Amino acid sequence: MITVMGATGHTGKRIVEQLLQAGERVRALGRSAERLAELQRAGVEVLAGEPNDAAYLAEAFRGAKAVYTLLPYDPSVADYMAQQAAVGEAVVQAIRDSGVRRVVALSSVGAELASGNGPIASMHEQELRLRDLPGIDLLILRAGAFFENLLPALYMIEEHGLVADGVGPDVPVPMIASKDIADAAIAALLARDWQGVQVRELLGQRDISYAECTRILGERLGRPELPYVQLPYEEMAGGLQEAGFSADLAGRYAELARGINEGTVKSLEGRRPGNTTATSFEDFVAEVVG
Ligand SMILES: NC(=O)c1ccc[n+]([C@@H]2O[C@H](COP(=O)([O-])OP(=O)(O)OC[C@H]3O[C@@H](n4cnc5c(N)ncnc54)[C@H](OP(=O)(O)O)[C@@H]3O)[C@@H](O)[C@H]2O)c1
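Here's what the structure looks like:
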């Protein structure tokens, strides 16, 4: 049996479905029994609870051959690092208490940095917590920026006729489809063939700039002149707050944009076949925009 956190989300749902198809017993976790019902009907064991509840997680992890962990959050969270620490500590406590020995943990490119990486700082702290656990085989997947982050741009395009962010138009960014992250996790959860602590970057099909993403989106939407506008960091943070992000998290995303622009938040491994994944931004846009 394999336990999957975030089972109704981008990576977790696909992981659950594909593991089930591969003939594994799966235990799927989320906060709501109702949202998990579809997976239950498909033959998955579901367990609803809060991801900051160590006792609940320990029950869910107990007996698993491997677990998939992540740190979900709500963009409106007032104190992001505190919320992330609460979940991260519960996950680590549950790994300890359940005796599970094999863990695949979703993290991010840039998580080697303690600061200057915006929201990724919480994944830095979680990597440290997980590394402190004795005797587990830990695979850390450091993913690039999700293509899905650009979905709010569809609203921006509709409302304002442009795409805007704090990242420079031509800065190459490793961006990835969440399904490619899921597929890497699935392969590892099925093979269970690594030992000790391993860190693996997942960088997407190619590095891609916001200007190029905007061009691809514009072409798909029949708006070939769609502009990309680089916002000053404060303006970017203000826009995020208008969209429902807390001041704390909006500031962290602006810090991340700066880190990307200044080249401090970047791949450590550099691009190579082993960290390059299949889905292009063009494929992704064709799928979501039609
Ligand atoms: N976005 C990026 O560019 C990026 C890059 C690298 C790494 N990451 C990491 O990837 C993670 C997201 O992975 P994902 O996209 O697979 O997950 P996700 O879809 O964002 O979330 C997974 C599940 O978490 C639950 N959830 C949502 N908000 C929550 C909250 N406030 N408290 C507790 N649970 C909540 C939801 O399930 P229920 O509602 O059913 O409980 C959701 O389906 C991020 O948290 C980050 O750590 C992100």
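Residues 24 to 313, numbered by the numbering used here, are exactly what the sequence shown covers, in order.
Note that beta-carbon positions come from the ideal geometry of N, C-alpha and C, so glycine has one too.
Computed from a predicted model, the values in this text were never measured in an experiment.
Could you check which residue in the options has the C-alpha nearest to that of residue i?
i	options	result
Arg-64	Ala-301, Ser-130 and Arg-50	Arg-50
Asp-271	Met-104, Ser-201 and Thr-34	Met-104
Pro-250	Glu-258, Leu-240, Ala-71 and Glu-257	Leu-240
Val-39	Ala-266, Asp-206 and Arg-294	Asp-206
Met-179	Val-67, Leu-136 and Leu-244	Leu-244
Leu-280	Glu-181, Ala-301 and Asn-140	In the sequence under discussion, the amino acid at residue 280 is Ala, which differs from the Leu named in the question. Answer by Cα proximity: Asn-140.
Arg-119	Asp-306, Glu-82 and Ala-214	Glu-82
Leu-52	Thr-31, Arg-37 and Glu-292	Thr-31
Val-194	Gly-282, Gly-313 and Arg-124	Gly-282
Lys-289	Val-100, Val-222 and Ala-134	Ala-134
Leu-80	Thr-26, His-33, Glu-68 and Leu-42	Thr-26
Leu-212	Arg-125, Ser-303 and Arg-85	Arg-125
CB of residue i to nearest heavy atom of ligand 1: below 6 Å?
i	result
Tyr-103	no
Asn-78	Per the sequence shown, residue 78 should be read as Ala rather than Asn. No; taking the cut-off as 6 Å, the Cβ of Ala-78 has no heavy atom of ligand 1 nearer than that.
Gly-29	yes
Leu-230	Note that residue 230 is Asp in the sequence shown here, rather than Leu. For ligand 1, not one heavy atom lies less than 6 Å from the Cβ of Asp-230.
Asp-203	no
Asp-216	no
Thr-300	no
Arg-243	no
For residue i, count the other beta carbons within 10 Å of its own beta carbon; 16 or more makes it buried, fewer makes it exposed. Which is it?
i	result
Gln-218	exposed
Val-115	buried
Ala-128	buried
Thr-237	buried
Ala-144	buried
Between residue i and residue j, is the Cβ-Cβ spacing less than 7 Å?
i	j	result
Asp-203	Thr-300	yes
Pro-95	Gly-29	yes
Ala-108	Ala-77	no
Ala-89	Ala-71	no
Less than 6 Å between the CB of residue i and some heavy atom of ligand 2, yes or no?
i	result
Gly-53	Because ligand 2 does not appear in the structure shown, any question about it cannot be addressed here, the ligands present being ligand 1.
* Asked: Taking only runs of the beta strand (DSSP E) that begin and end inside the segment 81–116, which ones reach a length of at least 3 residues, in chain order?
  -> Counting whole runs of 3 or more residues, the segment 81–116 contains the beta strand (DSSP E) stretches 89–92.
* Kindly provide the ranges of any beta strand (DSSP E) runs that are 3 or more residues long and lie completely inside the segment 212–281, ordered along the chain. => With a minimum length of 3 residues, the continuous beta strand (DSSP E) runs that stay inside the segment 212–281 are 220–225 and 251–253.
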